[in-house]
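*Asks:* First the structure, then my questions, so here it is.
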Amino acid sequence: MLSRLTRSQAVAVCAVPVVALLATAVFAPLPFSVAQPGMTANVLGKNQGTPVITVSGAPTRTTGGQLRMTTIEATGPDARVSLKDVFGNWFRTDRAVMPRDSVYPSGNSVKEIEKHNAEQMQQSQDAATRAALKYLDLSADKVKVDLKLADVGGPSAGLLFTLGIIDKLNGDGSGGDLTGGRTIAGTGTIDAAGQVGAVGGVALKTQAARRDGATVFLVPKAECGDAKAELPEGLRLVPVTTLKSAVDSLVALEKGKGSVPSC
Numbered sequence: 005m006l007s008r009l010t011r012s013q014a015v016a017v018c019a020v021p022v023v024a025l026l027a028t029a030v031f032a033p034l035p036f037s038v039a040q041p042g043m044t045a046n047v048l049g050k051n052q053g054t055p056v057i058t059v060s061g062a063p064t065r066t067t068g069g070q071l072r073m074t075t076i077e078a079t080g081p082d083a084r085v086s087l088k089d090v091f092g093n094w095f096r097t098d099r100a101v102m103p104r105d106s107v108y109p110s111g112n113s114v115k116e117i118e119k120h121n122a123e124q125m126q127q128s129q130d131a132a133t134r135a136a137l138k139y140l141d142l143s144a145d146k147v148k149v150d151l152k153l154a155d156v157g158g159p160s161a162g163l164l165f166t167l168g169i170i171d172k173l174n175g176d177g178s179g180g181d182l183t184g185g186r187t188i189a190g191t192g193t194i195d196a197a198g199q200v201g202a203v204g205g206v207a208l209k210t211q212a213a214r215r216d217g218a219t220v221f222l223v224p225k226a227e228c229g230d231a232k233a234e235l236p237e238g239l240r241l242v243p244v245t246t247l248k249s250a251v252d253s254l255v256a257l258e259k260g261k262g263s264v265p266s267c
C-alpha cells in the first residue's frame, strides 16, 4: 500500500504511530518519585504544640540552640509520575527524581507503606533512647524517654533524637549546651550501639536545613559526596560515623577547641 503513496504521504502515515507512541510515553506513569526539601523540626522543642522529647526519672536541663531533624517530601506512592514530570524536574537543584523503590517499598499498598514507615520510626526512637542512655551510662529501668513527632515516618531522625536526649540530660557534659547556642541540623539512622547509618536525600535535606536557619549539618560520612553536591552557602558539613563522633564534634564546635572533621 505504501508503494502507491507519494514519499511525503508515506512519511506522514509512518509518523502517526511514532507520534502516538511518544505521546503515550510522555503521559504514561513511570516508576519514579519526585522529591523536594521537606519540613524540619527542632527535637529540643515542640512539634505541633507537643514536646518532641519528654524525659522522666532524671533531672533535665533547659536547653539553648536547636537540633533540627530534616526530611524530604516526595510524590505519594500511588502518584502518577510521567516522562514530562521527569524531564521537568531532572535539572532542578531543588528537586530530585528518584526510583520509586528507593523511596517506598516495592509492591506494597499505601496503607502498608504508611504502616512500614511508622514501624521504622518507632524502631528508630527505641534505638535512639537506648543509644543515648548507654552513652550517658543511665539505666533504662529508671529513666523513661517519650518521643513524639507527628506526620514523620522512617528511621532517618535517629541521630538527632539521640543527640536531643543527651542534650536534655547532660548537655556538653560540663554545664553547656551541646549545640553551643547554634541551630544544628542533620540526618542519619542510629542503632542501640551508637552506630550512625546512611539515609538518602541528603542534598535536599541540606537545603531544608539552611532554609530553616541551620549553620551546621551532621551527615553520615558515607554520604559526604551527595551532601556536597548542592550544598547551600553558609552551611558547614560535619561527617559522623558514630554517636561519639557526633558528640565530640559538637563539643569541639561549642568550645572552639579540638579538630572538627569536614567532608
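According to the numbering used here, the sequence shown is numbered sequentially starting from 5. The C-beta atom is built at its ideal place from N, Cα and C for all residues, glycine as well. Just so it is clear, the structure is predicted and the values come from calculations on it, not from any experiment.
#1: For E77, does the three-state DSSP call read helix, strand or coil?
#2: I'd like to know whether the C-beta atoms of A144 and L137 end up nearer to each other than 7 Å.
#3: If you pair each beta-carbon of the stretch 80-100 with each one of the stretch 191-201, do three or more pairs fall below 8 Å?
#4: Would you mind listing the beta strand (DSSP E) stretches within the stretch 138-169 that are 3+ residues and don't spill past its ends, in chain order?
#5: Find the nearest neighbour of S128 within the set V114, R99, M73, judged by alpha-carbon distance.
#6: Name the two residues that bound the continuous beta strand (DSSP E) containing S37.
#7: Quick check on F221: buried or exposed, where buried means 16 or more other Cβ atoms within 10 Å of its Cβ?
#8: Enumerated in chain order, which unbroken segments of the alpha helix (DSSP H) with a length of 4 residues or greater are wholly contained in the stretch 61-136?
#9: Based on Cα-Cα distance, which residue from K172, T193, G229, G262 lies nearest to V59?
#10: Going by DSSP, which residues form a beta bridge with R240?
#11: Tell me, please, whether the stretch 203-219 touches the stretch 234-251 by the rule of three or more beta-carbon pairs shorter than 8 Å.
#12: Indicate the three-state DSSP secondary structure (helix, strand or coil) for A27 in the structure shown.
#13: Hey, T183 and Q70 are a contact pair by Cβ (cut 8 Å); roughly how many whole angstroms apart?
#14: Between L167 and the rest of its own chain, which residues show a CB-CB distance below 6 Å, the 5 nearest in sequence each way excluded?
#15: Within this structure, are the beta carbons of A256 and V264 separated by less than 7 Å?
#16: May I have the straight-line CA-CA distance separating R134 from L142, to the nearest angstrom?
#17: Who pairs with T54 in a beta bridge, going by DSSP?
*Replies:* If we stick to the structure as given:
#1: DSSP places E77 in strand when its eight states are reduced to three.
#2: In this structure, the beta-carbon distance from A144 to L137 falls below 7 Å.
#3: No contact exists between the stretch 80-100 and the stretch 191-201.
#4: Listed in chain order, they are 148-151.
#5: Cα-wise, what sits closest to S128 is M73.
#6: Looking at the DSSP string, the run of the beta strand (DSSP E) that includes S37 is 36-46.
#7: So F221 counts as buried.
#8: Qualifying alpha helix (DSSP H) stretches, in chain order: 87-94, 104-107.
#9: Out of K172, T193, G229, G262, K172 has the C-alpha closest to the C-alpha of V59.
#10: Beta bridge pairing from DSSP links R240 with V220.
#11: Counting Cβ pairs under 8 Å, three or more are found: they touch.
#12: Note that A27 scores a pLDDT of 43, beneath 50, so its modelled location is shaky and nothing firm can be said.
#13: Taking the Cβ atoms as the reference, T183 lies roughly 7 Å from Q70, within the contact range of under 8 Å.
#14: L71.
#15: Going by C-beta atoms, A256 is nearer than 7 Å to V264.
#16: Rounded to the nearest angstrom, the two C-alpha atoms are 9 Å apart.
#17: The partner list for T54 (beta bridge, DSSP) reads N51.
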